[in-house]
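S.K.: First, the structure itself, so that you have it in front of you.
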Amino acid sequence: MHMVKSVSKPATAISSEARLGTVNPEQQPDDQDKLSSRDFVSSLSRGLAILQSFSRTGRKMTLSEVAIETDMSRATARRFLLTLVKEGYVVTDGKLFDLTPKVLELGFSVLSKIGIWDRARPFMERLSEQTGESCTAAILDGLEVVYVAGVQAHNIISVGISIGSRQSAFYTANGRVLLAAQPEEYWDATLANARLVPQTEYSITHKAELRKVLEDVARQGWALVDQELEMGLLSLAIPLHYRSGVLAGAINIAVPSIRATPELMVETYLPMLRDTAEQIQLSLAR
């Protein structure tokens, strides 16, 4: 968007599955479904690591930078990069490498199958029209949120997102709602894997503080982020559930701080956001 107790068996990091909802990180596949070393294709794994490195850095990179990001030798990284160039997923000017829009095809086919967001968009548009502010929806993927729907307000100062883009779950309202919705016994694993890289002077930097935030979000049912992701940006989010009660994702409203205060966000926008979520949920039965 422009303007994350000790147990006898350690839990693994939380990840998203299929179509959102809570995933049990300790759940193991049947023995016959376990991946053996013979089934693992290291070259495919390395190719994916190359693509993911661009997502992490968010910029064009030289061959040496890609090699460092992926912990590969220059020769190995070069072979994979040139293969991706030939397949149309990467482009280069001879020095710098960058992803092409073709990469989006890998994710859009999945996002397009999540019918709830097609249903949600008209209600999100109505909320945006009523408030004059931007509204987004996101799902949890590991320790990041992926934006699956969004309506940008038409203001001089507005908040814009790209469908399929990612942000740290720790510094977004959507992310905190989705993390807090996970069973509390998995929070230790989440916090253990958290890399709290401050985005602004207001960003949380201590894991104990983040845990307290998640406890508050789980108790109250909403998350407010005040300029922790970007200076001058307030964001309020709540969870969105299917009628069965299964977690679908989160929706939020984002407002420049020159037009709102945290108190105004809770008093004025929270009831509107809850009403929008209820309408979306009811529409899923039709």
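The numbering used here numbers the first residue of the sequence shown as 994 and each following residue consecutively.
We treat Cβ as the ideally placed atom computed from N, Cα and C, and that holds for glycine.
No experiment lies behind these values; they were computed from the predicted model shown.
Using CA atoms only, rank isn't needed, just tell me which of 1195, 1201, 1234, 1200 is closest to residue 1217.
M.R.: Taking only the C-alpha atoms, the option nearest residue 1217 is 1195.
S.K.: Do the CB positions of residue 1222 and residue 1165 come within less than 8 angstroms of each other?
M.R.: The answer is yes: Cβ separation under 8 angstroms.
S.K.: Give a yes or no on contact between the stretch 1048-1057 and the stretch 1080-1089, applying the rule of three or more CB pairs nearer than 8 angstroms.
M.R.: Contact holds: three or more Cβ-Cβ distances are below 8 angstroms.
S.K.: Can you give the Cα-Cα distance for residue 1021 and residue 1185, rounded to whole angstroms?
M.R.: Because residue 1021 sits at a pLDDT of 42, beneath the cut-off of 50, its placement in the model cannot be relied upon, and the following sentence gives the value as read from the coordinates. Those two C-alpha atoms are separated by around 21 angstroms.
S.K.: Can you tell me whether residue 1262 is buried or exposed? The criterion is at least 16 other CB atoms within 10 Å of its CB, across all chains shown.
M.R.: So residue 1262 ends up on the buried side.
S.K.: Compare the Cα-Cα distances from residue 1230 to each of 1115, 1075, 1172 and report the closest residue.
M.R.: The residue with the shortest Cα to Cα distance from residue 1230 is 1172.
S.K.: Note down, one range per segment and in chain order, each beta strand (DSSP E) of at least 3 residues found wholly within the stretch 1125-1178.
M.R.: Complete beta strand (DSSP E) runs here, min 3: 1127-1134, 1137-1144, 1159-1161.
S.K.: By how many angstroms is the C-alpha of residue 1209 removed from the C-alpha of residue 1082?
M.R.: Their Cα atoms are separated by approximately 42 angstroms.
S.K.: Could you check whether the stretch 1189-1203 touches the stretch 1131-1145, counting it as contact only if at least three pairs of C-beta atoms, one from each stretch, sit closer than 8 angstroms?
M.R.: The stretch 1189-1203 is not in contact with the stretch 1131-1145.
S.K.: Would residue 1218 pass as an interface residue toward chain D - the criterion being a Cβ-Cβ separation below 8 angstroms?
M.R.: In the structure shown, chain D cannot be found, because there is only a single protein chain.
S.K.: Below 8 angstroms between beta carbons: does that hold for residue 1129 and residue 1142?
M.R.: Yes, Cβ-Cβ distance for residue 1129 and residue 1142 is below 8 angstroms.
S.K.: Thinking C-beta only, is residue 1093 closer than 8 angstroms to residue 1084?
M.R.: Going by C-beta atoms, residue 1084 is nearer than 8 angstroms to residue 1093.
S.K.: So, using beta-carbon positions, are residue 1167 and residue 1211 closer together than 8 angstroms?
M.R.: No. Outside cutoff.
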